[in-house]
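The numbering used here puts the first residue of the sequence shown at 1, with every later residue one more than the last.
By construction, the Cβ of each residue, glycine as well, lies at the ideal position given by its N, Cα and C atoms.
These numbers were taken from a predicted model, which means no experiment stands behind them.
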Amino acid sequence: MLLFHGSNVTVEQPRVLRSDRRLDFGTGFYVTSSYEQAAKWSVLTARRRRTGSPLISVYEYDEAAFEDLNVLEFPAADEDWLRFVSGNRNGQPEVPDLDLVIGPVANDNTMPVLRGFFAQIYTEEEAIRRLMTQKLKDQYAFKTEAALQAISFLHVEEA
């Protein structure tokens, strides 16, 4: 299976960089199985950083290597997914010892909806409905160096 990383630079050797950014699945190297989604991310990243050009790094991953990893997969945006994303976005991750997290991407209204959920304005069901991933597909967050050993860089393409 191919995975894609959208950025403003080529990423031949992915790394897990610690960051203060509060992302859906916490710190990690993020990729997607959707070429179109990676292309959108690459354009947004190049604009935000005001340098480089939109690029898509393409990787192949070894499914057999995942058998030895601690993987958490969310097949859908459900209550467990919401709690996990909420914890990471709120700076309080639920499960710190994961190698890889796979699941849906929340839409552009993520933080306002999560704030509404934290403030108990929205129930879990309403928050999930508002966060449904209609335009974006999936994301894979490689959280450890061991997990990164399961993917290999193939090439880069202009978005």
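Per DSSP, Tyr61 forms a beta bridge with which residues? The residue labelled residue 61 in the question sits at position 61 within the sequence shown. Answer is Ile151, bridged to Tyr61.
Sort out for me which residues DSSP pairs Pro75 with in a bridge. Position 75 of the sequence shown, counted from the first residue, corresponds to residue 75. DSSP output for Pro75 lists no bridge partner at all.
Under 8 Å, do Ile151 and Tyr30 count as touching if we go by C-beta distance? What you label residue 151 is simply residue 151 of the sequence shown in a count that begins at 1. What you label residue 30 is simply residue 30 of the sequence shown in a count that begins at 1. No, the Cβ-Cβ distance between Ile151 and Tyr30 is not below 8 Å.
Assigned secondary structure, Gly52 (DSSP; H/G/I helix, E/B strand, else coil): Counting from one through the sequence shown, the residue named residue 52 turns up at place 52. Three-state DSSP puts Gly52 in coil, outside helix and strand.
Cβ separation of Ala39 and Thr32, assumed to be a contact under 8 Å, to the nearest whole Å: Locating residue 39 in the sequence shown gives position 39, where the first residue counts as 1. Locating residue 32 in the sequence shown gives position 32, where the first residue counts as 1. Ala39 to Thr32, Cβ: 10 Å. No contact.
Answer yes if the segment 105-118 comes into contact with the segment 136-151, meaning at least three C-beta pairs across the two stretches below 8 Å, and no otherwise. yes
Out of Met1, Asn70, Arg22, point me to the one whose CA is closest to Gln92's CA. As a working mapping, residue 92 is identified with position 92 in the sequence shown. When only C-alpha atoms are compared, the closest one is Arg22.
Burial state of Gly207 (16 or more Cβ within 10 Å): Beyond the ends of the chain as shown, which are 1 and 159, falls residue 207; an answer cannot be given.
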